[in-house]
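Those sequence lines, one after another, are chains P and B.
When the count follows the UniProt record's numbering, it moves up by one through the first sequence with no breaks and lands on 305 for the last residue.
When the count follows the UniProt record's numbering, it moves up by one through the second sequence with no breaks and lands on 284 for the last residue.
For every residue, glycine included, the Cβ atom is placed at its ideal position computed from N, Cα and C.
Structure first, commentary second.
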Amino acid sequence: MITAENLRKRYGSKTAVDGISFQLAPGKVTGFLGPNGSGKSTTMRMAVGLDKPTSGSVTIGGKSFPQHAAPLRTVGAVLDAGATHPGRTGRGHLQVLAATHKISKKRVDEVIELTGLGAASRKRIKSYSLGMNQRLGIAAALLGDPAVLIFDEPVNGLDPEGVRWVRSLARDMAAEGRTVFVSSHLMSEMSQTADHLIVLGQGRIIADAPIGQLLDSGEQRVLVRTEKPADLRRALGAEGVSIEQTDAETLEVTGLDARSIGRRALETQVVLHELTPQRSTLEDEYMKLTGEHVEYRSGGQEDRS
Amino acid sequence: MTINTASATAGHRPFEVDPSLPGISFGGVMRSELSKLKALRTTWWLSLIAIGLGTFIAGSVAVSYRSFGGNGDELALAEQGTAGAYFAMILLGSLGAIAMTTEYSTGAIRSSLTAVPRRTTLLIAKAFALTLWSAGVTLVMMLLGHLAVVLFSGELSLTAPFQDTEILSMYAATGLVVVLTTLMGFGLGVFLRSSAGAIVVLTLILFVVQMVLAIMYGVTEGAEWVEALLQIEYMALLDSFVSADAGAYGMVEPLEPWQGLLGILIWVAVPNILGWLSFSRRDA
Chain P
1 MITAENLRKR
11 YGSKTAVDGI
21 SFQLAPGKVT
31 GFLGPNGSGK
41 STTMRMAVGL
51 DKPTSGSVTI
61 GGKSFPQHAA
71 PLRTVGAVLD
81 AGATHPGRTG
91 RGHLQVLAAT
101 HKISKKRVDE
111 VIELTGLGAA
121 SRKRIKSYSL
131 GMNQRLGIAA
141 ALLGDPAVLI
151 FDEPVNGLDP
161 EGVRWVRSLA
171 RDMAAEGRTV
181 FVSSHLMSEM
191 SQTADHLIVL
201 GQGRIIADAP
211 IGQLLDSGEQ
221 RVLVRTEKPA
231 DLRRALGAEG
241 VSIEQTDAET
251 LEVTGLDARS
261 IGRRALETQV
271 VLHELTPQRS
281 TLEDEYMKLT
291 GEHVEYRSGG
301 QEDRS
Chain B
1 MTINTASATA
11 GHRPFEVDPS
21 LPGISFGGVM
31 RSELSKLKAL
41 RTTWWLSLIA
51 IGLGTFIAGS
61 VAVSYRSFGG
71 NGDELALAEQ
81 GTAGAYFAMI
91 LLGSLGAIAM
101 TTEYSTGAIR
111 SSLTAVPRRT
121 TLLIAKAFAL
131 TLWSAGVTLV
141 MMLLGHLAVV
151 LFSGELSLTA
161 PFQDTEILSM
171 YAATGLVVVL
181 TTLMGFGLGV
191 FLRSSAGAIV
201 VLTLILFVVQ
211 MVLAIMYGVT
221 EGAEWVEALL
231 QIEYMALLDS
241 FVSADAGAYG
251 MVEPLEPWQG
261 LLGILIWVAV
271 PNILGWLSFS
281 RRDA
C-alpha cells in the first residue's frame, strides 16, 4: 500500500509536484497517467526515497521507504532504464543488488529467466539495447519478490512482444495481491493494463478513479443521421445542448441522450437513419482532462483541449 | 485532501512478504560494494599500475643505490624504496573518487539507493570496501617493493622489517597513508560528485599546494603564516608522520609524528564529512 499525503516537491522556483494525496491498494494495477513533465517520475522517485519531498509525505505500508528493514523485498522499482554501470554485466548488476539482501544466486537466475535476458545476462550492459536495459531493470525490481512494484514508463523501448509481456506481468503481479503502480504518458497503454487511474497534470491530481468510472463520467455524444438535419436541429435546440453538423446528413449531439432525441424526432416528424450513442474513449477523456495541463505542446495544436 | 478510499478496497488478499527472509545487512552491503569494485576494469588497471609502478620504483632505487655505493643505512634504503607510494596515493585516491562518481555519471546510484536507501549505511560500506581493497593493493605493492629492494640492492635483508621495528613501523605508516589518501579521494568524490573535479582537487592537494606554498615562502621572505601552512599541508604532514629524517630537505621544521597523523586524519575527515552531509541530504 502506497500512501501520499500532501506530497509536494519544488526544484528552485518550479513546483514539480503540488501537494498531492492518494492511496494505492494492493491487488490492483494503478495507472499513473500524465503528460511529460507532469510530476509522475518525481512522485515515484520520492516514493523510493531518491528525492526528498519539500513537504508532505509518501509512505509504503505505513513507513517511509528507507525505514524498511528489507527494501528490495518491499518495493521493486524500475525508475529508468540505464540506472546501471555499463561496464558490469547484467548478471553482475543483479548479483551486486542481491548481495545487499543475501538473495540467492538461484533467485538471480530465476529473474534472468523470467525477464528473458538469457545469455545476454553475461554480456556487458553497454552492449544492451534500450529494451534489454528495460528487461534488466524489471529483473532487478523482481529480485526481492516484493509486495509493491513501481514501474516508471516500463514499456519504453520494448518491442511489441515485450510490451505485451510487461502488461501481463503487471496484471499477474496484481492478481497475486501486490500493489502495482505503473506510469505512462500513453492513455492507450493504461487502458489495457490499469484497474484504477490517477491522472496528473502540472503536479496536481486531476482524476483519481477506477477506469470504468472515468469513462462513464465522460459527456455522452449521440450520432444522428437524418434527411432533414435543419429541422432536427431546431427541434433539439435548447440550453445545454450542443449540435455539430459533420456532413449533409449527420449531426453530433451532446447534452441529450439517444432516447430523448428519438422522441423529439418523432414529434417533429423527422425521419432518422441512424441514432448511435458514442461512448467516449479513454483517450478523449485523457485529452480533455490534461488539455489545460500540458506543459509542452506541439506546434499548431493550440486549439486542442 | 482527496484520498480515494474507493481504491483502497481491493478484491484480492494482499501479498505478504515472508518476514523471516533476510533484509539488509551491513556485511551484505559491504560484499556488494566489494564486488562492484572488483567488477570494474578501472579498479584493476589503477591497482595493477600502482603495484607495478611501486615495484619498479623500488627496484630502480635499489639499483642506483648499489651503483652509487650505499652507506649501509637500511632504514633510509627501505624508505627510499617506498617512493612509489606517492604514485599509489594518486592512483588509489582516484579510484576512491571514481568508486563514487561513476555511480552518479552512470546513474547506477539510483539502483544502489533503491536497494540500500539508508544512505549512511551505503556510504560507510563503500568506504569499508575501499579500505579493504586499497589495503590489499598497498600490501602487495609494498611486499613486492621490499623484495625488489632486497634483490637489487644487496644491502637490505629480507627479514629486515622483523628485525628492525623502525623499518616495520615506517612500512606500516606508509601503507596507512596510502589507504587514508584513498579515503580522502573517496570523500572528495562523494562531495564533488565529479570524477574530474575530485581527481583535480586530489592532485592539487598531493602535488601542487606544497609547490605554491614554497614559492610564496620565498616571495614573502619566510612569512610566519606561510611557514605555518607549510607545516600543515598534506605532504608535509605525511613526511612528518612517515619519515625518519622528516624535514631534512624541507624549509620548515616538521611537526611531531603524532601531530602529522592527526593532521592527515583531519585532511581525510573534512571531505568525507562534507560528502556525508551532502550525500545524506541531497536528492540522488
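Kindly list, in the order they appear in chain A, the residues whose Cβ is closer than 7 Å to that of residue i.
{"i": "residue 15/B", "result": "Among the protein chains of the structure shown, namely P and B, there is no chain A."}
Should residue i be flagged as near chain P, meaning a C-beta pair shorter than 8 Å?
{"i": "residue 3/B", "result": "Interpretation of residue 3/B is limited by its pLDDT of 43, a score under 50 that renders its predicted location unreliable; no figure is taken from the coordinates."}
{"i": "residue 193/B", "result": "no"}
{"i": "residue 35/B", "result": "yes"}
{"i": "residue 158/B", "result": "no"}
{"i": "residue 25/B", "result": "yes"}
{"i": "residue 169/B", "result": "no"}
{"i": "residue 178/B", "result": "no"}
{"i": "residue 278/B", "result": "no"}
{"i": "residue 131/B", "result": "no"}
{"i": "residue 101/B", "result": "no"}
{"i": "residue 153/B", "result": "no"}
{"i": "residue 107/B", "result": "yes"}
{"i": "residue 94/B", "result": "no"}
{"i": "residue 32/B", "result": "yes"}
If we cut at 8 Å on Cβ distances, does residue i have a partner in chain B?
{"i": "residue 65/P", "result": "yes"}
{"i": "residue 96/P", "result": "yes"}
{"i": "residue 71/P", "result": "yes"}
{"i": "residue 230/P", "result": "no"}
{"i": "residue 84/P", "result": "yes"}
{"i": "residue 12/P", "result": "no"}
Note down, in chain order, every chain P residue with its Cβ under 7 Å from the Cβ of residue i.
{"i": "residue 29/B", "result": "100"}
{"i": "residue 124/B", "result": "Neighbours of residue 124/B on chain P: none; closest Cβ ~13 Å, over 7 Å."}
Using a cut-off of 8 Å between C-beta atoms, extract the partners of residue i located in chain P.
{"i": "residue 20/B", "result": "Going along chain P, no residue has its Cβ under 8 Å from residue 20/B, so there is no contact; the nearest lies around 11 Å."}
{"i": "residue 116/B", "result": "71, 100"}
{"i": "residue 72/B", "result": "In chain order: nothing, as chain P lies at least about 49 Å away."}
Which two residues bound the contiguous alpha helix (DSSP H) that contains residue i?
{"i": "residue 97/B", "result": "85-106"}
{"i": "residue 272/B", "result": "257-281"}
{"i": "residue 36/B", "result": "26-38"}
{"i": "residue 174/P", "result": "160-175"}
{"i": "residue 188/P", "result": "187-193"}
Please report the Cβ distance between residue i and residue j, rounded to the nearest whole angstrom; I am assuming they are in contact, meaning their Cβ atoms lie under 8 Å.
{"i": "residue 43/P", "j": "residue 17/P", "result": "5 Å"}
{"i": "residue 108/B", "j": "residue 83/P", "result": "6 Å"}
{"i": "residue 222/B", "j": "residue 96/B", "result": "Wrong, their Cβ atoms sit about 35 Å apart, outside the cutoff."}
{"i": "residue 274/P", "j": "residue 224/P", "result": "7 Å"}
{"i": "residue 212/B", "j": "residue 230/B", "result": "At roughly 10 Å, the Cβ-Cβ gap does not stay under 8 Å, so residue 212/B and residue 230/B are not in contact."}
{"i": "residue 135/B", "j": "residue 241/B", "result": "That pair is no contact at about 17 Å."}
{"i": "residue 81/B", "j": "residue 149/B", "result": "4 Å"}
{"i": "residue 70/B", "j": "residue 166/B", "result": "Their Cβ separation, rounded to whole angstroms, is 17 Å, which puts residue 70/B and residue 166/B out of contact at 8 Å."}
{"i": "residue 176/B", "j": "residue 127/B", "result": "Not quite, the Cβ-Cβ distance comes to about 15 Å (not below 8 Å), so this is no contact."}
{"i": "residue 89/B", "j": "residue 178/B", "result": "6 Å"}
Could you name the residues of chain B that residue i contacts, counting a contact when the two beta carbons are closer than 7 Å?
{"i": "residue 88/P", "result": "39"}
Can you list the residues of chain B that residue i reaches, using a CB-CB cut of under 9 Å?
{"i": "residue 51/P", "result": "283, 284"}
{"i": "residue 48/P", "result": "110, 113, 114, 117"}
{"i": "residue 92/P", "result": "35, 36, 39"}
{"i": "residue 140/P", "result": "111, 114, 115"}
Would you give the residue range spanned by the beta strand (DSSP E) that residue i belongs to?
{"i": "residue 210/P", "result": "204-210"}
{"i": "residue 78/P", "result": "75-78"}
{"i": "residue 14/P", "result": "14-24"}
{"i": "residue 82/B", "result": "Residue 82/B -> no beta strand (DSSP E), and no H or E assigned at all."}
{"i": "residue 9/P", "result": "2-11"}
{"i": "residue 198/P", "result": "196-201"}
Taking residue i as the query, report the chain B residues whose CB atoms sit under 8 Å from its CB, ordered along the chain.
{"i": "residue 79/P", "result": "110, 114"}
{"i": "residue 74/P", "result": "17"}
Runs of 3 residues minimum, wholly inside the stretch 247-285 of chain P: which ones carry the beta strand (DSSP E) assignment?
250-254, 272-278
At 4 residues or longer, and completely inside the stretch 96-156 of chain P: list those alpha helix (DSSP H) runs for me, N to C.
Listed in chain order, the complete alpha helix (DSSP H) runs (minimum 4 residues) inside the stretch 96-156 of chain P are 105-114, 130-142.
**Message:** Threshold first: 3 residues or longer. Then list the beta strand (DSSP E) segments lying entirely within the stretch 42-68 of chain P, N to C.
**Reply:** 55-60
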